[in-house]
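**Q**
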Amino acid sequence: MNKVSSCELSVVIPTYNEAENIQILLGRLSEVLRDIDYEVIVVDDDSPDLTWQLVELAQQTNSRFRIIRRIGSKGLSSAVITGLVAANGRCMAVMDSDLQHDEKILPDLLEQVQRGSDICVGSREAPGGSYGNWSATRKLVSFTAKGLAQQLIGTSVSDPMSGFFAISRNYFDSTIDRVNPTGFKILLEFVARGKTPNTTEVGYTFRTRLHGETKLNATVIVEYLLALIDLRFGWLIPNQFVKFGIVGLTGSMVNFMGFALILGLGASVPWAVIAGVELAIVWTYFANNKFTFTPFTFKGKDFFLGFGLYQIVCCYGLVVQLSVVSTLLQHFPSMGERLLSLYFIYLIGVAFAAVGNYFLHQYYTWNRLGFTVLKPQRTVIV
Ligand code: GDD
Ligand code: MN
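When we follow the numbering used here, the leftmost residue of the sequence shown carries the number 10, and every step to the right adds one.
1) By how many angstroms is the C-alpha of residue 85 removed from the C-alpha of residue 125?
2) Using the three-state DSSP reduction, which class does residue 210 fall into: helix, strand or coil?
3) Touching or not, the stretch 294-302 and the stretch 326-343, by the rule of three or more beta carbon pairs under 8 Å?
4) Measuring from the CB of residue 218, is there a heavy atom of ligand 2 at a distance below 7 Å?
5) Does DSSP classify residue 37 as helix, strand or coil?
6) Any idea what DSSP makes of residue 138, helix, strand or coil?
7) How far does the alpha helix (DSSP H) with residue 281 in it reach, from first residue to last?
8) Quick one: Cα of residue 65 to Cα of residue 26, how far?
9) In chain order, what are the residue ranges of uninterrupted beta strand (DSSP E) at least 3 long that sit wholly in the stretch 200-248?
10) Could you check which residue in 38, 265, 323, 195 has the C-alpha nearest to that of residue 106?
11) Would you mind sorting residue 366 into buried or exposed? The rule is 16 or more other CB atoms within 10 Å of its CB.
12) In the structure shown, what three-state DSSP assignment does residue 342 receive?
13) Going straight from the alpha carbon of residue 331 to that of residue 362, what length do you get?
14) Pick helix, strand or coil for residue 23, following the three-state DSSP scheme.
15) What are the residues that DSSP puts in a beta bridge with residue 131?
16) Per DSSP, which one or two residues make a beta bridge with residue 48?
17) Which ranges would you report for the alpha helix (DSSP H) in the stretch 41-102 if only whole runs of at least 4 residues count?
18) Quick one, which of 173, 267, 69, 203 has its alpha-carbon nearest residue 186's?
19) Can you list, in chain order, the residues of its chain with a C-beta nearer than 6 Å to that of residue 173? Leave out the 5 residues immediately preceding and following it.
20) Tell me where the beta strand (DSSP E) around residue 177 begins and ends.
21) Residue 370: buried (16+ other C-beta within 10 angstroms of its C-beta) or exposed?
22) Less than 8 Å between the C-beta atoms of residue 60 and residue 142, yes or no?
23) Short of 6 Å in beta carbon distance, which residues of its chain neighbour residue 375, apart from the five on each side in sequence? Order them along the chain.
24) Is residue 330 helix, strand or coil when you go by DSSP?
25) For residue 321, count the other beta carbons within 10 Å of its own beta carbon; 16 or more makes it buried, fewer makes it exposed. Which is it?
26) Using beta-carbon positions only, say whether residue 97 and residue 221 come within less than 8 Å of one another.
27) For residue 127 versus residue 206, is the C-beta spacing smaller than 8 Å?
28) What is the residue span of the alpha helix (DSSP H) that residue 162 lies within?
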């Protein structure tokens, strides 16, 4: 069932520590959108600089402004989705709050959606658009990211990294249940998850940030690459398993280095093996806890509980690996005679153990026993 839309345009604006920008932006929006039946929904992740309070203040003079203050949640894409789900517009636009997106093209974005576009992208690459005065490095990063997205997803959108776009209610309703709410690349999710959308673009010049700081950092680049892999191959391999695999590979290196080091210190081979394995278990627990199984990360005293469970599952993995290898060797004894085929059998054992460990860690270690590791989440909608 479609939502009964009560206005022409909803503008969703995610904010985190944007106190110096938000009032200026809201003032500009009242001006630019004065002939449109609109609402503005600011989604703030409980900013320490009290951005949300400034929106509440602005609400007293313009009742079209709404604030969603999320407590215990963080993340750009998930903030945008929270805003879009709460929106009432027949068309919904998303834009940054830091004045880098040119609000003057909002009526054009709306018009394109009203004329039948599923998505209209505010683009720095389309005619009339530019990156403003970006450094060569940032241009190169953006160029590479854009090329990767276009190749992997096959989209024709000229600026797939844009955080500035409008989407029709129909297209949103038909795509939203497939969208992955993590990361910085929400437009890509809408472009690549549904049926191929009918897209248009409007050029604009990306302005320089005058106040506050960007939240984009190196981890965003890693997240972006993982998101692309997920968009392209997610039907085959879950993104979390890709992360688990990456951690596993680094674990093998730690395992080997630990083995070599302890052996070098004069220990016997069995002790060096045990030391290598244990070091790898400790390292991969840290890495999986921080990187792979978020948001179920074990913190505080739960951290040690998590480690205990992890250690148990890893022992089980070891048993699986040993059983697979010995069963295969029993059935195909000749494969044990050549080093290459022995490696092959060993890798099959690793694969079985990895898949088994993954599911156990996912459902048991990080998310099963009823130990609540997530802070209760609360959302305040005004
Ligand atoms: N609620 C919420 N939660 N808002 C956030 C969060 C968060 O965790 N992180 C960032 N924001 C808000 C910021 O306050 C800002 O309004 C907007 O999201 C964009 O954040 P910036 O930190 O200014 O990002 P940027 O300018 O580096 O990145 C922009 O350009 C990228 C492409 O070059 C964004 O438009 C991205 O979406 C875009 O991919
Ligand atoms: Mn910005």
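Note that the Cβ used here is the ideal one computed from N, Cα and C, for glycine as well.
**A** From the atom records:
1) In the sequence shown, residue 125 corresponds to position 116, counting from 1. In the sequence shown, residue 85 corresponds to position 76, counting from 1. Each residue's alpha carbon lies about 27 Å from the other.
2) To locate residue 210, count along the sequence shown from 1; it is residue 201. Look at residue 210 here: in three-state DSSP terms it is strand.
3) Between the stretch 294-302 and the stretch 326-343 there are fewer than three inter-stretch CB-CB distances shorter than 8 Å, so the stretches are not counted as touching.
4) The count along the sequence shown starts at 1 and reaches residue 218 at position 209. Within the cutoff, so yes.
5) Counting from 1 along the sequence shown, the entry for residue 37 is found at position 28. Correct three-state label for residue 37: helix.
6) Within the sequence shown, numbered from 1, the residue matching residue 138 stands at position 129. Reduced to three states, the DSSP call for residue 138 is coil.
7) Taking the sequence shown and counting its residues from 1, the one referred to as residue 281 is at position 272. Counting along the chain, the unbroken alpha helix (DSSP H) around residue 281 starts and ends at 278-296.
8) Reading the sequence shown from its first residue, position 56 is the one you call residue 65. Reading the sequence shown from its first residue, position 17 is the one you call residue 26. If I take the Cα positions, the gap works out to 15 Å.
9) 208-212
10) Position 97 of the sequence shown, counting from 1, holds the residue named residue 106. Considering only alpha carbons, the answer is 38.
11) Translated into positions along the sequence shown, residue 366 becomes position 357. Buried: at least 16 other Cβ atoms inside 10 Å.
12) Position 333 of the sequence shown, counting from 1, holds the residue named residue 342. Residue state, collapsed to three classes: helix.
13) Here residue 331 refers to the residue found at position 322 of the sequence shown. Here residue 362 refers to the residue found at position 353 of the sequence shown. Between the alpha carbons of residue 331 and residue 362 lies a distance of about 9 Å.
14) Translated into the one-based positions of the sequence shown, residue 23 becomes position 14. Correct three-state label for residue 23: strand.
15) Reading the sequence shown from its first residue, position 122 is the one you call residue 131. Looking at the DSSP assignment, residue 131 forms a beta bridge with 211.
16) Position 39 of the sequence shown, counting from 1, holds the residue named residue 48. Partner residues in the beta bridge of residue 48, as assigned by DSSP, are 19.
17) 60-68, 85-95
18) Here the question's residue 186 lines up with position 177 in the sequence shown. Looking at the Cα atoms, 203 is the closest of the given residues.
19) Here the question's residue 173 lines up with position 164 in the sequence shown. If we look at residue 173 and ignore the five residues flanking it on each side, its Cβ neighbours are 104, 110, 131.
20) Translated into positions along the sequence shown, residue 177 becomes position 168. From DSSP, the beta strand (DSSP E) with residue 177 extends over 174-177.
21) As a first step, residue 370 must be located in the sequence shown, where it is residue number 361. It counts as buried.
22) As a working note, residue 60 is residue 51 in the sequence shown. As a working note, residue 142 is residue 133 in the sequence shown. No, the Cβ-Cβ distance between residue 60 and residue 142 is not below 8 Å.
23) As a working note, residue 375 is residue 366 in the sequence shown. Once the five neighbours on either side are set aside, the close Cβ partners of residue 375 are 302, 305.
24) As a working note, residue 330 is residue 321 in the sequence shown. DSSP places residue 330 in helix when its eight states are reduced to three.
25) Position 312 of the sequence shown, counted from the first residue, corresponds to residue 321. Its Cβ having fewer than 16 others within 10 Å, residue 321 is exposed.
26) As a working mapping, residue 97 is identified with position 88 in the sequence shown. As a working mapping, residue 221 is identified with position 212 in the sequence shown. Not closer than 8 Å, so no.
27) Within the sequence shown, residue 127 is the residue found at index 118, counting from 1. Within the sequence shown, residue 206 is the residue found at index 197, counting from 1. At a Cβ-Cβ threshold of 8 Å, residue 127 and residue 206 count as neighbours.
28) The residue you call residue 162 lines up with position 153 of the sequence shown. Element bounds for residue 162: 145-162.
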